[in-house]
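Under the numbering used here, the first residue of the sequence shown carries the number 60, and numbering increases by one thereafter.
Taking it in order: structure first as structure tokens, then the write-up.
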Amino acid sequence: LPTLRPTLPSRAPSRLPTPTPTNTPTATPITPFPTRFGHFVCGDEDSGFLTDGRGEFTVRIAMSGDLSIDFSESLGFTRLQIDAVDKFNPTVIVATSTTYHLTVPRLAINTDIIFKVQADQPGIYTFTTFCSLSAPTRLPTKIPTMIPTRNPGVTLTTLPNCPGITYRSVSTGQCVCPQTAPNGHIVPQCAAPYITDILAGSCDCVLPTLCGVGKVGDFNGGQLIFEVRIPYDGHMTFFVNGFSVTSIHAYRKYYEHLLIAQTTPGLAQNTLGVNNLPMNTEIVFKVDGIGTGTFHSNSYCQAAVISTVPTAPIAVHPTLPPTLPPGVGRFTVAPTLPP
Numbered sequence: 060l061p062t063l064r065p066t067l068p069s070r071a072p073s074r075l076p077t078p079t080p081t082n083t084p085t086a087t088p089i090t091p092f093p094t095r096f097g098h099f100v101c102g103d104e105d106s107g108f109l110t111d112g113r114g115e116f117t118v119r120i121a122m123s124g125d126l127s128i129d130f131s132e133s134l135g136f137t138r139l140q141i142d143a144v145d146k147f148n149p150t151v152i153v154a155t156s157t158t159y160h161l162t163v164p165r166l167a168i169n170t171d172i173i174f175k176v177q178a179d180q181p182g183i184y185t186f187t188t189f190c191s192l193s194a195p196t197r198l199p200t201k202i203p204t205m206i207p208t209r210n211p212g213v214t215l216t217t218l219p220n221c222p223g224i225t226y227r228s229v230s231t232g233q234c235v236c237p238q239t240a241p242n243g244h245i246v247p248q249c250a251a252p253y254i255t256d257i258l259a260g261s262c263d264c265v266l267p268t269l270c271g272v273g274k275v276g277d278f279n280g281g282q283l284i285f286e287v288r289i290p291y292d293g294h295m296t297f298f299v300n301g302f303s304v305t306s307i308h309a310y311r312k313y314y315e316h317l318l319i320a321q322t323t324p325g326l327a328q329n330t331l332g333v334n335n336l337p338m339n340t341e342i343v344f345k346v347d348g349i350g351t352g353t354f355h356s357n358s359y360c361q362a363a364v365i366s367t368v369p370t371a372p373i374a375v376h377p378t379l380p381p382t383l384p385p386g387v388g389r390f391t392v393a394p395t396l397p398p
């Protein structure tokens with residue numbers, strides 16, 4: 060199979076090529092498996108050669124919705140296996156396909172999915188990614204009413220685009236929590252500083268916060284739920300004290316069926332770190348404990364990209380304080396004369 064991207068000659072070749080080229084060029088000029096490519100986003104297309112019939116592609120969805128990838132234009136394969144895993148929980152396969160197309164449904168905004176491709180032989184891959192919003196209704200009415208009511212009632216109805224156990228109020232048009240969950244448990248009424256997480260569809264009472272913002276409150280046994288947002292790509296560490304913490308589990312918001320981190324038995328249970336998070340990711344920390352007390356929680360974050368090349372050279376004569384009197388140091392002795 061000829062290459063789809065032949066090397067073009069340089070338009071500006073070096074005028075001083077090396078007179079002593081190496082006598083020992085690399086024996087493996089082609090990267091061996093697994094082939095790792097950069098991040099792709101919805102709507103991207105790419106093609107290349109899979110030297111071992113295997114590769115991994117990371118795709119980020121910039122909205123809440125479904126993410127699809129299509130390899131139908133690939134050449135040289137007779138069979139293709141595609142497995143999708145969450146970047147932050149790569150041991151769990153969230154979707155799989157033995158065709159050339161795979162869709163991962165109901166993803167949260169800024170979720171990174173790694174598509175692991177296994178072909179029966181080397182060949183040329185070509186793929187396209189595309190996404191669809193989860194917000195639009197899947198079953199729009201074919202005959203909308205021409206005369207909507209002026210006095211809608213308070214009847215509640217369940218619609219598929221309200222997440223989790225929530226349902227849509229006909230009177231307000233908003234997703235709301237029921238008084239009783241499907242398992243029969245009473246849905247709690249949240250008091251400040253707690254809020255009801257309607258968007259997650261769980262109706263849990265949570266404490267929303269940002270990196271570096273602490274929370275204080277009463278713990279009366281059971282479970283506390285915290286949401287922390289990181290405003291940049293980086294790492295997050297969460298900690299809480301004031302009572303006997305038995306475990307902390309971390310999940311990505313809107314994607315809570317996949318555990319991404321948890322405390323290790325036998326070690327400190329009141330601190331948990333989550334690494335390599337995309338910007339504006341919201342992490343849900345579920346804290347279990349025993350006893351009662353006043354809890355103190357906080358989190359701190361670190362950017363993933365830190366400069367490895369500090370400014371050089373370092374100033375030999377740092378700026379003097381501006382409060383020095385005229386004529387001292389490097390300040391002008393006399394004011395500027397008029398022209």
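We put the CB at the ideal spot given by N, CA and C, even for glycine.
Just so we're clear, the structure is a prediction, and the values are computed from it rather than from any experiment.
Could you check how far apart the C-beta atoms of residue i and residue j are, in whole angstroms? I think they sit under 8 Å.
i      : j      : result
Arg165 : Asp125 : 7 Å
Phe285 : Thr351 : That pair is no contact at about 18 Å.
Gly276 : Phe344 : 14 Å between Cβ atoms; not a contact.
Ala363 : Gly293 : 4 Å
Taking the C-alpha atoms as reference points, what is the distance between residue i and residue j?
i      : j      : result
Cys262 : Gln361 : 30 Å
Asn339 : Phe147 : 15 Å
Thr216 : Glu104 : At Thr216, the pLDDT of 34 sits below 50, so the modelled position is not reliable; the number obtained from the coordinates is stated separately. The alpha-carbon atoms of Thr216 and Glu104 are separated by roughly 41 Å.
Pro84  : Gly348 : 60 Å
Asp342 : Pro68  : Inspection of the sequence shows that residue 342 is occupied by Ile rather than by Asp. If I take the Cα positions, the gap works out to 49 Å.
Asp111 : Lys175 : 13 Å
Arg113 : Tyr359 : 38 Å
Phe96  : Gln177 : Caution applies to Phe96, whose pLDDT of 47 falls short of 50 and renders its modelled position unreliable; the value that the coordinates give is listed next. So the alpha carbons of these two residues sit roughly 15 Å apart.
Ser303 : Thr268 : 22 Å
Gly325 : Ile289 : 28 Å
Gly301 : Cys101 : 44 Å
Ser191 : Thr170 : 14 Å
Pro237 : Val153 : 29 Å
Gln233 : Lys312 : 20 Å
Val346 : Thr150 : 23 Å
Pro76  : Phe108 : 30 Å
His98  : Leu331 : 27 Å
Arg227 : Glu132 : 42 Å
Asn210 : Val333 : Bear in mind that a pLDDT of 44 at Asn210, under 50, signals an unreliable position, so the model cannot answer this.
Pro203 : Thr225 : 24 Å
Pro80  : Val163 : 49 Å
Gln248 : Gly273 : 23 Å
Pro78  : Pro72  : 15 Å
Val235 : Phe130 : 41 Å
Give a yes or no on whether the C-beta atoms belonging to residue i and residue j are separated by under 7 Å.
i      : j      : result
Thr323 : Ser306 : no
Ser356 : Val299 : yes
Ile120 : Leu161 : no
Thr185 : Ser106 : yes
Ile319 : Ala327 : no
Leu139 : Gly182 : no
Thr188 : Val287 : no
Ile141 : Ser156 : yes
Looking only at DSSP bridge pairs, what is residue i linked to?
i      : result
Val304 : Gly348
Val8   : The chain is shown from 60 up to 398; residue 8 falls before or after that span and cannot be answered.
Arg311 : Tyr314, Ile342
Ala320 : Ala309
Cys190 : Leu126
Glu132 : Note: Glu132 sits in no beta bridge, so no partner.
Tyr184 : Gly107
Ser358 : Phe297
Lys274 : Ser356
Val333 : Met295
Val144 : Ile152, Ile173
Arg119 : Val100, Asp171
Gln282 : Asp347
Leu161 : Ile128
With distances taken from CA atoms, which of the options is nearest residue i?
i      : options                        : result
Leu336 : Gln238, Thr296, Phe99          : Thr296
Phe136 : His98, Gly301, Cys101, Gln180  : Gln180
Ile172 : Asn334, Glu115, Ser131, His316 : Glu115
Tyr314 : Pro203, Val144, His294         : Val144
Leu283 : Asn329, Tyr291, Gly293         : Asn329
Leu317 : Leu331, Thr81, Ala167          : Ala167
Tyr291 : Thr79, Cys270, Lys274          : Cys270
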